[in-house]
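To start, the structure under review is shown below, and the notes come after it.
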Amino acid sequence: MQIIQIPCRQDNYAVLIHDDETNLTLLFDAPEHEPIAKILQANGWDLDAILITHYHYDHVEAAASLKNQFNAKVYGPKLRSEGQDYINHYIQDLKEIRFGNIHIQIFQTPGHIPEQIVYYIPSLKSAIVADTIFSLGCARILGGTAQELFQSLELLKQLPDDTNLYCGHEYTQSNGEFAISIDPNNQALIKRIAEVKMLRSKNLPTLPTTLSNEKSTNPFLRCYDAEIRKTLNMQNASDEAVFTELRLRKDSF
């Protein structure tokens with residue numbers, strides 16, 4: 582089984598999973614038609630299903646066109662206010678879904694927006710997290726709440742530490758600038774930032790990251806940390822209050 586991260590647009594990523602045994606191919610998010618179709622055609626793969634994490638334009642722009650070209654079925658969460666005419670199946674109430682050999686667990690992760698899904702594939706030790714969490718950062722709140730996003734990240738922290746996190750955007754370098762301002766003595770973070778600078782200087786991706794890496798370097802997963810709390814002067818605050826303050830500071834950083 583193969584998993585391929587595809588750069589799209591200016592800084593987006595889509596993810597393909599292909600099962601060599603069944604020749605089944607799944608796409609997670611559809612930011613841009615051409616780079617995705619090019620990978621499919623280069624490998625001689627059809628596209629069986631498109632799974633949407635959320636409906637921001639930069640994640641779904643090519644969903645309808647890819648559906649039409651490859652006759653793929655499209656799955657995603659249902660918006661509170663309206664549907665999407667290219668969606669075949671709304672899956673916000675499902676805990677899991679299976680495509681041949683590919684078993685996917687579905688997590689509701691509101692916060693960025695109310696209707697956000699993370700797809701976890703245990704056999705690949707991988708989670709398609711899109712805009713819920715970024716390497717060294719997390720989503721902005723654009724319709725959800727800080728409480729929801731905090732709880733969503735706490736849920737993701739329960740995944741195995743060796744889980745690969747496929748984020749929706751290449752934001753790691755800019756996120757690192759904020760992270761080091763909050764957690765300046767974190768040696769793991771200092772090392773990670775150096776690695777990121779090297780990768781980006783060669784125009785290489787910094788993703789996927791791992792949950793273990795993020796637990797040691799991402800301030801939004803480290804709200805318990807004494808040094809971060811000291812920086813914020815919030816030694817006696819709840820983890821959720823620390824998270825909310827971090828998000829507010831990042832918004833204006």
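Here the working numbering is used: the first residue of the sequence shown is 582, the next is one more, and so on.
We put the beta carbon where it would ideally sit given N, CA and C, even for glycine.
Task: Inter-residue Cα distance where the pair is His684 and Gln665 - done: 25 angstroms
Open item on the list: I'd like the span of the alpha helix (DSSP H) that includes Lys654, first residue to last.
Closed with: Here Lys654 belongs to no alpha helix (DSSP H); instead the beta strand (DSSP E) covers Lys654 to Gly657.
- [ ] Report the three-state DSSP secondary structure of Gly718 (helix, strand or coil).
- [x] strand
Open item on the list: Quick check for students: name the residue ranges of the alpha helix (DSSP H) that lie wholly in the region 602-653, counting only runs of 4 or more.
Closed with: 614-624, 638-641 and 644-651
Task: Helix, strand or coil at Pro786 [DSSP, three-state] - done: coil
TODO: Report the option in Asn682, Asn652, Tyr671 and Ile694 whose CA atom is closest to the CA atom of Tyr638.
DONE: Ile694
- [ ] Taking only the alpha-carbon atoms, compute the straight-line gap between Asn669 and Ile584 and give it to the nearest angstrom.
- [x] 24 angstroms
TODO: Please go through the same chain and pick out, in chain order, the residues whose beta-carbon is closer than 6 angstroms to the beta-carbon of Lys659, but skip the five residues on each side of it.
DONE: Tyr671 and Gln673
Open item on the list: DSSP three-state label for Thr726, please.
Closed with: coil
Task: Limits of the unbroken beta strand (DSSP E) element including Leu597 - done: Asn593 to Asp600
Task: Best match in Val699, Lys706 and Ser704 for proximity to Phe715 [C-alpha to C-alpha] - done: Val699
TODO: Count the other C-beta atoms from every protein chain shown that fall within 10 angstroms of the C-beta of Thr726, then say buried if there are 16 or more, exposed otherwise.
DONE: exposed
Task: Inter-residue spacing [alpha-carbon to alpha-carbon] between Phe680 and Thr825 - done: 38 angstroms
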